[in-house]
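Residue numbers (this note's numbering): 367 to 689.
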């Protein structure tokens, strides 16, 4: 009888211990699932039109090959824009419902990135091997090469994004740009003169700050050019004088070191709101091998007490891919 009781007691203890371990495993699983869901939610809400970097497929592949730990810290779960050529459009190895699209560094390049799309996606219908593209997406893996999520494609030859919605947005944006830039340029100085006669307290009551009359559009353009020149020369101390906010957070000296030089041109006024001016311009990136890439970019300038700084910059599109 004592033996039977002992066996039952031992079995009860083992069962209790087993249940405790199972409970602990279940809690760990729930925590992992919650963390993964939070990560997926963050990726879904990232703005693809504000990439942390704009570079070639070869460049990002080289970074991961040289030091995957540092590359992961820099790019993982972040939106990027990569330029290259369509390498293949084929069935996904792991999901028969999706298609894998591979983007390479060029005809003779071994570097590539990939993303998956549903079979009925417009990208699957319109893309062809060899097309020059720019792809925006979120870096979500690197085990079998750099993998992108939520990717969208800019067709260089047709100067448009894939898909009807993207095309309509681009056409609408271009139309708005052509109709309002000149009127804004003319009216800005008038606004400055009118603001000097306006009651400051009234403006503050409306939650607005007057754009200082001492700061002109020419000043904003000059300051933006100086900021880009400082970054091109890897002069971090000088560049920091011209930036704050999101522009300062996004600034990465290592990114600019890959170029022989960088400059900005064709700066024009896009909009004016309170103490902010938005400028449109073309960024030119000259690589050490002499190749050049040009892209449109918007700069947000903030003015206060007679000084101006860049608070944000947003990528537009590649207008002249690296050649």
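Glycine included, C-beta positions come from ideal geometry on N, C-alpha and C. Everything numeric in this text was worked out from a predicted model, so none of it was measured.
Selected residue, minimal CA-CA separation from residue i, among the options
| i | options | result |
| --- | --- | --- |
| residue 466 | 500, 477, 452, 413 | 452 |
| residue 445 | 651, 642, 512, 491 | 512 |
| residue 489 | 519, 508, 473, 510 | 519 |
| residue 597 | 650, 584, 645, 583 | 650 |
| residue 411 | 443, 641, 438, 602 | 443 |
| residue 585 | 633, 474, 680 | 633 |
| residue 439 | 459, 506, 460 | 506 |
| residue 590 | 645, 652, 599 | 645 |
| residue 627 | 447, 517, 595 | 595 |
| residue 631 | 587, 638, 668 | 587 |
| residue 629 | 473, 524, 653 | 653 |
| residue 515 | 413, 473, 496 | 413 |
| residue 484 | 517, 510, 494 | 517 |
| residue 503 | 510, 599, 421 | 421 |
Beta-carbon contacts of residue i that lie in its chain and below 6 angstroms, excluding the five residues immediately before and after
| i | result |
| --- | --- |
| residue 477 | 423, 424, 427, 471 |
| residue 468 | 453, 454, 478, 480 |
| residue 616 | none |
Straight-line gap, residue i to residue j (C-alpha atoms, nearest Å)
| i | j | result |
| --- | --- | --- |
| residue 678 | residue 464 | 36 angstroms |
| residue 499 | residue 624 | 21 angstroms |
| residue 635 | residue 676 | 14 angstroms |
| residue 434 | residue 619 | 19 angstroms |
| residue 419 | residue 462 | 32 angstroms |
| residue 340 | residue 388 | Absent from the model: residue 340. The displayed extent of the chain is 367 to 689, so no value can be given. |
| residue 655 | residue 407 | 41 angstroms |
| residue 641 | residue 391 | 55 angstroms |
| residue 475 | residue 482 | 21 angstroms |
| residue 458 | residue 685 | 31 angstroms |
| residue 583 | residue 456 | 50 angstroms |
| residue 416 | residue 680 | 6 angstroms |
| residue 622 | residue 592 | 15 angstroms |
| residue 612 | residue 460 | 38 angstroms |
| residue 557 | residue 409 | The predicted position of residue 557 is uncertain, since its pLDDT is 43 and thus under 50; a value taken from the coordinates is nonetheless stated next. Computed Cα separation, rounded: 41 angstroms. |
| residue 441 | residue 493 | 26 angstroms |
| residue 614 | residue 608 | 9 angstroms |
| residue 602 | residue 447 | 24 angstroms |
| residue 657 | residue 638 | 35 angstroms |
| residue 491 | residue 643 | 40 angstroms |
| residue 673 | residue 510 | 49 angstroms |
| residue 524 | residue 606 | 38 angstroms |
Those residues which DSSP pairs with residue i across a bridge
| i | result |
| --- | --- |
| residue 453 | Per DSSP, none; premise fails for residue 453. |
| residue 486 | DSSP, once it has assigned bridges, lists no residue as partnering residue 486. |
| residue 665 | 645, 679 |
| residue 509 | 511 |
| residue 416 | Answer is none; residue 416 lacks a bridge partner. |
| residue 634 | 646 |
| residue 448 | 421, 501 |
Contacts around residue i, its chain only, beta-carbon distance under 8 angstroms, and the 5 residues preceding and following it disregarded
| i | result |
| --- | --- |
| residue 571 | Legend: pLDDT at residue 571 = 32, less than 50; position of this residue unreliable, value from coordinates given subsequently. Result list for residue 571: empty, nothing under 8 angstroms. |
| residue 687 | 449, 498, 500, 522, 659 |
| residue 610 | 668, 675, 676, 677 |
| residue 648 | 630, 631, 632, 660, 661, 662, 663, 685 |
| residue 473 | 451, 496 |
| residue 487 | 465 |
Close Cβ partners of residue i (< 7 angstroms) along its chain, the five nearest in sequence each way excluded
| i | result |
| --- | --- |
| residue 682 | 661, 662, 663, 664 |
| residue 432 | none |
| residue 430 | 437, 508, 512 |
| residue 536 | Per-residue confidence for residue 536 stands at a pLDDT of 48, beneath the threshold of 50, marking its modelled position as unreliable; no derived number is given. |
Limits of the alpha helix (DSSP H) - the one that residue i falls within
| i | result |
| --- | --- |
| residue 472 | That residue, residue 472, is in no alpha helix (DSSP H); it is neither H nor E in DSSP. |
| residue 615 | 611 to 616 |
| residue 439 | 434 to 441 |
| residue 604 | 602 to 606 |
Unbroken beta strand (DSSP E) run spanning residue i, endpoints
| i | result |
| --- | --- |
| residue 518 | 512 to 521 |
Near the ligand SAH: residue i beta-carbon under 6 angstroms from a heavy atom
| i | result |
| --- | --- |
| residue 471 | What this structure holds is no ligand at all, so the ligand SAH is not there to describe. |
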